[in-house]
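If you're matching positions, the sequence shown starts at 96 in our numbering and goes up one per residue.
The beta-carbon is built from N, C-alpha and C at its ideal position, and this holds for glycine as well.
Report on the structure given below.
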Amino acid sequence: MYQILIVEDEVRIAETVKEYLERDGHGVRHVTTVADALKLIDAETDLVVLDLMLPDGQGERICERVVSLFNTPVIMLTSKRNEDSRITGFACGADDYLTKPFSPRELVMRVRSVLKRARPRDRIIRLDYDIVIHIDRRTVTKQGRVVRLTPNELAIFLCLVDNWKTAVSRDKLVEYINAPDILDRTVDVHIRHLRQKLEEDPKNPQVIKTVHGYGYILGVKRHA
Ligand code: CA
């Protein structure tokens with residue numbers, strides 16, 4: 096089941112579209128404004144059906160944002176029959192485009208085909224200090240710059256991020272390390288390297304905190 100977000104201020108159209116998409120097996124949410132759409136769109140959204148003209152602004156804003164942040168496919172709806180809105184739609188990264196009035200069945204077919212050829216998604220996790228984990232690309236960036244982590248460092252870091260509200264024991268972290276022989280202090284060595292790469296001041300770590308006699312805990316907030 097795919098999660099689809101409809102952004103459309105004409106409630107009658109939105110409800111019809113929602114009904115058809117739900118009947119096709121999708122989870123569907125509906126909002127009517129740019130502001131609400133920007134609040135709701137997240138990495139779990141698989142596709143956005145987007146009206147171009149919304150009460151508080153242009154759908155393009157949402158389109159640019161979802162494409163750049165999550166690489167989410169977008170189908171643009173517009174009532175204007177001219178070439179301009181079509182170009183606008185594609186310029187901001189929309190995958191497909193429908194002119195109102197359209198048949199809900201046609202939209203369902205377009206949704207299916209866009210989902211079928213959807214780009215591989217870049218799932219991301221955001222932390223404080225502008226640290227971003229691109230899960231599918233297996234990379235971490237800090238303030239927009241790539242932080243080069245070894246596979247073991249990344250595995251340990253992801254384990255801490257996954258368990259972000261709880262301390263993780265050294266024993267558990269050891270399980271994430273892939274190495275022929277693991278010494279007692281192996282985890283600490285990896286943590287030291289992670290801190291050198293991620294912390295503002297590795298001697299006063301904020302991103303990864305030590306839980307004395309036990310292990311480590313993520314010290315920063317996870318945003319998504
Ligand atoms: Ca509208």
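Quick one: is residue i buried, meaning 16 or more other Cβ sit within 10 Å of its Cβ, or exposed?
i	result
residue 309	exposed
residue 286	buried
residue 273	exposed
residue 277	exposed
residue 150	exposed
residue 120	exposed
residue 241	exposed
residue 247	buried
residue 140	buried
residue 311	buried
residue 113	buried
residue 239	exposed
residue 125	buried
residue 173	buried
residue 155	buried
residue 132	buried
residue 146	buried
Who pairs with residue i in a beta bridge, going by DSSP?
i	result
residue 124	100
residue 226	222 and 237
residue 148	153
residue 129	Paired residue(s): none; residue 129 is not in a bridge.
residue 143	100 and 169
Got a sec, what are the start and stop residues for the alpha helix (DSSP H) residue i sits in?
i	result
residue 193	It is not in any alpha helix (DSSP H) - residue 193 instead sits in the beta strand (DSSP E) that spans 191 to 194.
residue 111	106 to 118
residue 208	199 to 211
Pick helix, strand or coil for residue i, following the three-state DSSP scheme.
i	result
residue 188	coil
residue 173	strand
residue 232	coil
Less than 6 Å separating the Cβ of residue i from some heavy atom of ligand 2?
i	result
residue 151	Of the ligands this structure carries, namely ligand 1, none is ligand 2.
Closer than 7 Å, CB to CB, is residue i near chain D or not?
i	result
residue 231	Annotation note: the requested chain D is absent from the structure, which comprises a single protein chain.
What alpha helix (DSSP H) runs, 4 residues minimum, are completely inside the region 235 to 317?
Within the region 235 to 317, the complete alpha helix (DSSP H) segments of 4 residues or longer fall at 246 to 257, 265 to 269 and 281 to 293, listed in chain order.
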